[in-house]
Amino acid sequence: MKAQEVLEDAVGRRVSCDGERGTVRYVGPVPPTAGLWLGVEWDDPERGKHDGSHEGVRYFTCRHPTGGSFVRPKKASFGVDYVTALKQRYEVELQEVIGEELKISSRTVMMVGFEDVKQKQRLEKLTEIGLRRCEVSDPGPEKEIRNTTPLAQSLDLSGNLLSSWEVLAAVTEQLEALRELQLSHNRLSISSEPSRLSPAFSCLRVLSLNSCALTWTQVLHCAPMWQHLEELYLADNDITELLRPQRVLQTLKVLDLSNNHIVQETVLEISHLPCLEKLNLSSSGLSVIQFSDASAGDKTALFPALKTLLLDDNNISEWCVVNELEKLSSLLHLSCRRNPLLQREKNPETVRQIIIARLSRLELLDMRKVLSDERRGAELDYCKKFGLDWLKAGGHSDPEKNHPNTEFMSEHPRFLALLQKYGAPDEGELKEQKPFALKNQLLTLTFVCPEDSERKPIEKKLPGKSTH
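Residue numbers (the UniProt record's numbering): 1 to 468.
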């Protein structure tokens, strides 16, 4: 690429260099060296060397203090157009297929132009197109995409060199059947008029924008482009504070916000999405969820359609969080692996049983089905496990005298419903709850000497689990 061509439109364009992607922020000289340089802000800040300044002079700015560096234009690739990348990606595969079709009775038939015709026919039939990390930067000649892959329904453009939503729209507007779009690991500049681009995404139902350095405000700004979107994947972005979507994302059924450090007080801002069935909040730093509009035993009006909730790898340490989830009117599937709460018991199956007993409609827990026999056993054991606490709190086997205090009912809001379902447990079956402490987790071993009956037995306490 000639220096004059670079100077014309390089700022803002995406480049690739030694497998790393970045955005051009500056074009020009960097004294005292001679010649032209590109100032690049890299997607991976570890690739850079500085924040856009060199020897006391600032040439551009970066989000990260080590996100920038200078490279010579000849070392940077500005990518290729969609159809060029498509042919490069599928050329080997297509040639192998064409080669097989050319063999007739072990003789190779030579037909001028046959390969080009067959390649065009096969590209035209593609419904799923994978161009991940193929350095796609622009749509290419007008209408060429529509003529080459008119039937595309699924397109993977993850990790490419598209610079803006306008450039992307110039690609997708030619794919009239496109329903699923993978755009993870891209850096698209935000459109000033997103609603103007909505015709380019009119059939889009599934959109992946993982690792795109987006904030929630930017997502909401872009959302008018996706008027019929049903699934949105936003894992590993710069989303911290959620705001309530107004007249956007109202058709959303699946939302993935995992691996974003979300301010937990703002989670309820998305609770009014009317169609949301699956929400992934794993690795988001959550420790508390509270639905203040409903008291214990009642259902919240929030998240009305939510069936699946993923809370893995968070900071949940209190059972009150699980109790709050019982207020969700549609919850059927829950995953809460690797939370501090699970470390309360030595046996993870005990924790599983308690969760099942506290959540009346749960059908799937941590990717395992909750069968009817398991539920019955979990609920009966729950009644026995906390039965003494119930009695101490004012509970009684006689329904007329059964008035446990507010504190107990707050901690065990389903307990009375379970008593109605199974009846009160026999007092002989009740288990005393011991606080979690090392002394309560020890096993008592008694050593006796059969050869010396007069010798007193010796007792030793050992941990329930030991390492060798």
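We put the beta carbon where it would ideally sit given N, CA and C, even for glycine.
Values in this document were obtained by computation on a predicted structure and should not be read as measured data.
- Among the bridge pairs identified by DSSP, residue 20 is matched with 17.
- The beta carbon of residue 67 sits closer than 6 Å to those of 41, 42, 45 and 48, all from its chain and outside the five residues before and after it, given in chain order.
- Here the alpha carbon of residue 283 sits roughly 14 Å from the alpha carbon of residue 233.
- Rounded to the nearest angstrom, the Cβ distance from residue 158 to residue 182 is 5 Å, consistent with a contact under 8 Å.
- By the neighbour-count definition (other C-beta atoms within 10 Å, threshold 16), residue 425 is a buried residue.
- It is roughly 44 Å from the alpha-carbon of residue 11 to the alpha-carbon of residue 288.
- Taking a 10 Å sphere around the C-beta of residue 385, we find 16 or more other C-beta atoms and assign the residue as buried.
- When DSSP states are grouped into helix, strand and coil, residue 147 belongs to the helix group.
- Counting only residues of its own chain and dropping the five nearest sequence neighbours on each side, residue 175 has a CB closer than 6 Å to the CB of 152.
- The three-state secondary structure of residue 129, taken from DSSP, is strand.
- Within 10 angstroms of the beta-carbon of residue 34 lie fewer than 16 other beta-carbons, which makes it exposed.
- Contact between the stretch 360-369 and the stretch 394-401 is not established, with fewer than three Cβ pairs separated by less than 8 Å.
- Within the stretch 170-247, the runs of beta strand (DSSP E) that reach at least 3 residues and sit entirely inside it are, in chain order, 180-182, 206-208 and 231-233.
- The beta carbon of residue 381 lies closer than 8 Å to those of 353 and 357 in the same chain, with the five residues before and after it left out.
- At least 8 Å separates the beta-carbon of residue 307 from that of residue 327.
- CA-CA distance, residue 128 to residue 141, rounds to 22 Å.
- For residue 278, no alpha helix (DSSP H) segment is defined; the enclosing uninterrupted segment is the beta strand (DSSP E) at 278-280.
- Residue 334 sits away from residue 371, with the two beta carbons spaced by 8 Å or more.
- Between residue 273 and residue 250, the CB-CB gap stays under 8 Å.
- Here residue 59 carries a coil assignment [DSSP, helix/strand/coil].
- With distances taken between CA atoms, residue 270 lies nearest to 219 out of 219, 82, 294 and 297.
- Residues of the same chain with a CB within less than 6 Å of the CB of residue 195, apart from the 5 flanking positions on each side, are 224 in chain order.
- Nearest neighbour of residue 65 by Cα position, chosen from 226, 53 and 76, turns out to be 53.
- Distances from the CA of residue 407 to each of 418, 419, 400 and 389 were compared; the closest alpha carbon is that of 389.
- Pairing residue 167 with residue 138, the inter-Cα distance amounts to about 6 Å.
- Every alpha helix (DSSP H) of 4 residues or more that sits fully in the stretch 343-417 is shown, in chain order, as 348-358, 372-385, 387-392 and 406-411.
- Assignment of residue 25 by DSSP, reduced to helix, strand and coil, places it in the strand class.
- In the structure shown, residue 167 adopts helical secondary structure according to DSSP, grouped into three states.
- When C-alpha distances from residue 162 are compared across 185, 143 and 350, the shortest belongs to 185.
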